Amino acid sequence: MPRLSKKQILNKSKKKIKEKLENKLVYSIEELNHFLDEDARSLNLPKTLKIEELIEFLEDNQILEGIQLNFPRKTVIRYISKCSQDIKYDDLLNIVSTITSKGYFSHYTAAFIHGLTNNIVKNIYFSYKNSTNNKPTKKLLQENIDMAFSKPARLTNNFLVYDIYKIVLLENTFRDEGILKKLDKKNNKFINFTDIEKTLIDISVRPEYAGGVAEVLEIYKRAKGQVSSNKLKAYLKKANYTYPYHQVVGFYLEHTGYSELALKFMEEFPIEYNFYLTNEINKKEFSSRWKIFYPSGLI
Numbered sequence: 026m027p028r029l030s031k032k033q034i035l036n037k038s039k040k041k042i043k044e045k046l047e048n049k050l051v052y053s054i055e056e057l058n059h060f061l062d063e064d065a066r067s068l069n070l071p072k073t074l075k076i077e078e079l080i081e082f083l084e085d086n087q088i089l090e091g092i093q094l095n096f097p098r099k100t101v102i103r104y105i106s107k108c109s110q111d112i113k114y115d116d117l118l119n120i121v122s123t124i125t126s127k128g129y130f131s132h133y134t135a136a137f138i139h140g141l142t143n144n145i146v147k148n149i150y151f152s153y154k155n156s157t158n159n160k161p162t163k164k165l166l167q168e169n170i171d172m173a174f175s176k177p178a179r180l181t182n183n184f185l186v187y188d189i190y191k192i193v194l195l196e197n198t199f200r201d202e203g204i205l206k207k208l209d210k211k212n213n214k215f216i217n218f219t220d221i222e223k224t225l226i227d228i229s230v231r232p233e234y235a236g237g238v239a240e241v242l243e244i245y246k247r248a249k250g251q252v253s254s255n256k257l258k259a260y261l262k263k264a265n266y267t268y269p270y271h272q273v274v275g276f277y278l279e280h281t282g283y284s285e286l287a288l289k290f291m292e293e294f295p296i297e298y299n300f301y302l303t304n305e306i307n308k309k310e311f312s313s314r315w316k317i318f319y320p321s322g323l324i
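Okay, so the sequence shown: first residue is 26 according to the numbering used here, each after it adds one.
Structure follows, in structure tokens:
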């Protein structure tokens with residue numbers, strides 16, 4: 026009896042292979058290598074089967090489909106157990122969460138996960154720690170603040186557009202505090218995302234990553250009753266921002282009806298400089314309590 030080819034052996038085990046792999050949405054090459062090492066015997070796979078041959082078989086038989094995410098600074102290849110044309114927002118969250126185990130969803134994406142927006146969010150913000158955690162604090166000058174915020178905000182170019190979605194990778198020097206875990210049932214793994222307090226701080230610092238200042242104001246409103254003022258204060262203290270973002274947080278807290286105690290916590294930080302809610306404000310008004318310029322008509 027002639028010896029079966031690798032392809033014939035794979036075809037005989039096709040049903041079992043599919044059943045084994047369809048329980049999870051996303052696979053990396055490393056995970057498929059692990060699958061090949063651990064399950065080859067139980068699935069009667071050829072001993073000499075190479076990972077490239079396995080992937081070719083999986084794609085040819087529509088068991089997995091390869092997708093490539095070409096970010097400006099790195100390319101991410103993943104294999105998914107559903108058609109790429111059927112990928113929805115939640116599926117993309119699952120895929121993006123596999124880029125690095127030390128990453129987490131932040132900004133507008135975290136607000137969406139917390140149920141703090143009614144908008145249909147098409148941007149995905151995924152943050153990861155960079156290697157420089159301790160930047161020296163610069164001496165602030167009012168004229169430099171005014172100059173910086175008269176210009177467009179400096180935003181990352183490390184993003185790609187996938188179908189109707191924009192996936193943005195953000196480097197973050199903030200420490201590990203304020204990261205929650207949520208079970209991703211499709212992948213049987215946990216995804217990381219910022220807690221409400223860290224989310225509010227992040228979107229105060231970069232409102233451009235949350236739909237703009239009007240949407241940030243709405244997110245603060247929806248978060249009311251769920252926020253720990255002590256956590257906000259502790260996170261801001263530990264972050265040690267060069268700019269006085271506590272003034273921004275205090276402004277949002279005041280104008281969304283938070284307690285006077287929460288406002289007092291923000292006033293424990295120095296309020297020395299005139300600051301800005303966002304960049305390039307054409308028509309602006311001024312909050313004397315927080316020394317904040319904000320867009321006219323916002324409140």
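Even for Gly, the Cβ is constructed at its ideal location relative to N, Cα and C.
Since this is a predicted model, take the numbers as computed values, not measurements.
Contact set for residue i: own chain, Cβ-Cβ below 7 Å, skip 5 residues either direction
i: K309; result: F318, Y319, P320 and S321
i: E202; result: Y260 and K263
i: N304; result: F174, K176, P177 and A178
i: Q167; result: Y298 and N299
i: A135; result: F218, T219 and T224
i: A239; result: L323
i: E78; result: K31
8 Å contact criterion, which residue i and residue j should meet: CB distance rounded
i: L261; j: I226; result: 6 Å
i: I192; j: I244; result: Not really, about 21 Å apart at Cβ, beyond 8 Å.
i: P71; j: I34; result: 5 Å
i: L94; j: Y187; result: 7 Å
i: K49; j: N182; result: That belief does not hold up - the Cβ atoms of K49 and N182 are roughly 32 Å apart, past 8 Å.
i: S38; j: L83; result: Actually they are not in contact, since the Cβ atoms of S38 and L83 sit about 12 Å apart, beyond 8 Å.
Cβ of residue i within 7 Å of any chain B Cβ
i: Q93; result: The structure shown contains no chain B, having only a single protein chain.
C-beta atoms of residue i and residue j nearer than 7 Å
i: G275; j: L257; result: no
i: Y114; j: Y52; result: no
i: K147; j: I189; result: yes
i: Y270; j: S229; result: yes
i: F294; j: L185; result: no
i: S126; j: N197; result: no
i: L74; j: K31; result: yes
i: F290; j: S254; result: yes
i: S109; j: E90; result: yes
Outcome for residue i when other beta-carbon atoms lying within 10 angstroms are tallied against a minimum of 16
i: I102; result: exposed
i: T123; result: buried
i: M26; result: Confidence at M26 is low in this model, with a pLDDT of 48, below 50, so its placement is unreliable and no value can be given for it.
i: Q87; result: exposed
i: L208; result: exposed
i: Q272; result: buried
i: G236; result: buried
i: E44; result: exposed
i: R98; result: exposed
i: R231; result: buried
i: L180; result: exposed
Sequence-distant residues of the same chain with beta carbon closer than 8 Å to residue i, five excluded per side
i: I204; result: Y129, N217, F218, T219, D220 and K223
i: I339; result: Because the chain spans 26 through 324 in this model, residue 339 falls outside it and cannot be assessed.
i: I76; result: I54, L57, N58 and L61
i: E47; result: I88 and S106
i: V252; result: I221, E222, L225, Y283 and A287
i: K249; result: T281, G282 and Y283
Counting pairs of Cβ atoms below 8 Å between the segment 280-294 and the segment 137-144, do you hit three or more? no
Is the segment 63-76 close to the segment 126-136, with three or more CB pairs under 8 Å? no
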